[in-house]
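These notes concern the structure reproduced below.
2 protein chains.
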Amino acid sequence: MTLKEKGARWYITNGVYVITTRLDEKINGMAAAWVTRVCEDPVLISVAIWEKNYTHNLLKQSGIFVVNILREDQTKVAIHFGKQSGRDINKFTGISFREGKTGAPILDDCLGYLECEVVFSRKLGDHTIFVGKVLEEGNKKGGRALIYKHSDYF
Amino acid sequence: MTLKEKGARWYITNGVYVITTRLDEKINGMAAAWVTRVCEDPVLISVAIWEKNYTHNLLKQSGIFVVNILREDQTKVAIHFGKQSGRDINKFTGISFREGKTGAPILDDCLGYLECEVVFSRKLGDHTIFVGKVLEEGNKKGGRALIYKHSDYF
Chain A
1 MTLKEKGARW YITNGVYVIT TRLDEKINGM AAAWVTRVCE DPVLISVAIW EKNYTHNLLK
61 QSGIFVVNIL REDQTKVAIH FGKQSGRDIN KFTGISFREG KTGAPILDDC LGYLECEVVF
121 SRKLGDHTIF VGKVLEEGNK KGGRALIYKH SDYF
Chain B
1001 MTLKEKGARW YITNGVYVIT TRLDEKINGM AAAWVTRVCE DPVLISVAIW EKNYTHNLLK
1061 QSGIFVVNIL REDQTKVAIH FGKQSGRDIN KFTGISFREG KTGAPILDDC LGYLECEVVF
1121 SRKLGDHTIF VGKVLEEGNK KGGRALIYKH SDYF
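For the record, the sequence lines run as chains A and B.
Going by the numbering used here, the first residue of the first sequence is number 1, and it counts up by one from there.
Going by the numbering used here, the first residue of the second sequence is number 1001, and it counts up by one from there.
Here is the structure:
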């Protein structure tokens, strides 16, 4: 099935992100694409997460998350965080990171990050949108953002 | 100021869209970038709109909108719909369109469109996110999506 046959919604453009969180001593991260800015003043970011993802309930309880923005050469990182569940493995084994001010992991190797606290959330269908106020943002070494392409993952 | 100096939020990737609506006999459209899918089942799309845009109140009252997805060669269309206000002019003069099932305009020349009815909205800072359920979607002649680049418009 070509992109054109799949419907116009597949032409909506998104980047690729690793959304990380921490609940007590548990850290986890998942790949996500449905991320966008939603407000300039204050700076707010929304992230839509499927309710069956392990990260969903961790984030819902902790109220904190980091948007780690992947570079165009990091499709493998997206697959690492997107194709396995934190219920089964510790995804951070072998991944270099530091803890942000909230304790959530910030990947050492990415384009940039936004550390957020949830100011609003709402269940919509089988997803929840979490809207976060940016507590801190930072850039890494530069480069271009990875753009989501369905065929990279399915 | 380089992209890197401007902060990580500028690395979040968005496409470029013309959001149209109709309230009674008044039609209008505006350029927007902060658009994303937020749910697969049902198919839901969120659009963040600055509260001072003319389209904001029209859409809030009508509860309907169309996401017209721009092609990579349509920066001028984004400028047309983004740099003038429907308070002052009729933006559709000289623009070819048809009315969707809700009566909102669908641009004849674009990559694809999603006609939506608002199922949820929420004011967040100086923007409102409108979440729409897709009533109908369609593709045009193919091509690639226009990706938002700040320097194209400022």
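Ideal placement from N, C-alpha and C gives every residue a C-beta, glycine not left out.
Contact set for residue i: own chain, Cβ-Cβ below 7 angstroms, skip 5 residues either direction
i: His56(A); result: Ile49, Trp50 and Thr128
i: Asn1068(B); result: Tyr1017, Val1018, Thr1020, Ile1106, Leu1107, Cys1110 and Tyr1113
i: Phe1120(B); result: Val1131
i: Ser1062(B); result: Thr1021, Arg1022 and Leu1023
Euclidean distance between Cα positions of residue i and residue j
i: Ile106(A); j: Thr1013(B); result: 19 angstroms
i: Glu137(A); j: Glu117(A); result: 12 angstroms
i: Gly1125(B); j: Ser96(A); result: 35 angstroms
i: Phe92(A); j: Ala78(A); result: 13 angstroms
i: Ser1085(B); j: Pro42(A); result: 24 angstroms
i: Cys1039(B); j: Lys6(A); result: 16 angstroms
i: Val1047(B); j: Val1035(B); result: 5 angstroms
i: Arg1087(B); j: Arg87(A); result: 53 angstroms
i: Thr75(A); j: Phe154(A); result: 12 angstroms
i: Ala145(A); j: Lys83(A); result: 20 angstroms
i: Tyr1011(B); j: His1150(B); result: 11 angstroms
i: Lys1060(B); j: Arg1122(B); result: 10 angstroms
i: Ile89(A); j: Gly1094(B); result: 58 angstroms
Cutoff 8 angstroms; reference residue i; Cβ partners in own chain excluding five residues on either side
i: Thr143(A); result: A quick correction: the sequence has Gly, not Thr, at residue 143(A). So the list reads Arg71, Glu72, Asp73 and Leu111, once near-sequence residues are dropped.
i: Tyr1148(B); result: Thr1013, Asn1014, Gly1015, Val1016 and Ala1033
i: Lys1101(B); result: Glu1115, Leu1135 and Glu1136
6 angstroms CB neighbourhood of residue i in its chain, flanking five on each side removed
i: Met30(A); result: Ile19, Asn53, Thr55 and Phe81
i: Asp152(A); result: Thr75
i: Leu1058(B); result: Thr1021, Leu1023 and Asn1028
Cβ-based burial, residue i [other Cβ within 10 Å; buried from 16]
i: Glu1025(B); result: exposed
i: Lys140(A); result: buried
i: Ile1064(B); result: buried
i: Arg37(A); result: buried
i: Glu99(A); result: exposed
Range of the contiguous alpha helix (DSSP H) that encloses residue i
i: Ala1078(B); result: Thr1075 to Gly1082
i: Tyr1054(B); result: Tyr1054 to Ser1062
For residue j and residue i, believed in contact at Cβ under 8 angstroms, the rounded distance
i: Val66(A); j: Ala104(A); result: 5 angstroms
i: Ile27(A); j: Val134(A); result: About 20 angstroms separates the two Cβ atoms, so there is no contact after all.
Extent of the continuous beta strand (DSSP E) to which residue i belongs
i: Tyr1017(B); result: Tyr1017 to Leu1023
i: Trp1050(B); result: Leu1044 to Trp1050
i: Lys1149(B); result: Segment: none, Lys1149(B) is in no beta strand (DSSP E) and carries neither H nor E.
i: Lys1141(B); result: Premise fails: Lys1141(B) is in no beta strand (DSSP E) and is neither H nor E.
i: Glu1099(B); result: Phe1097 to Glu1099
i: Ser121(A); result: Gly112 to Leu124
i: Ile1027(B); result: Lys1026 to Ala1032
i: Ile1106(B); result: Pro1105 to Leu1107
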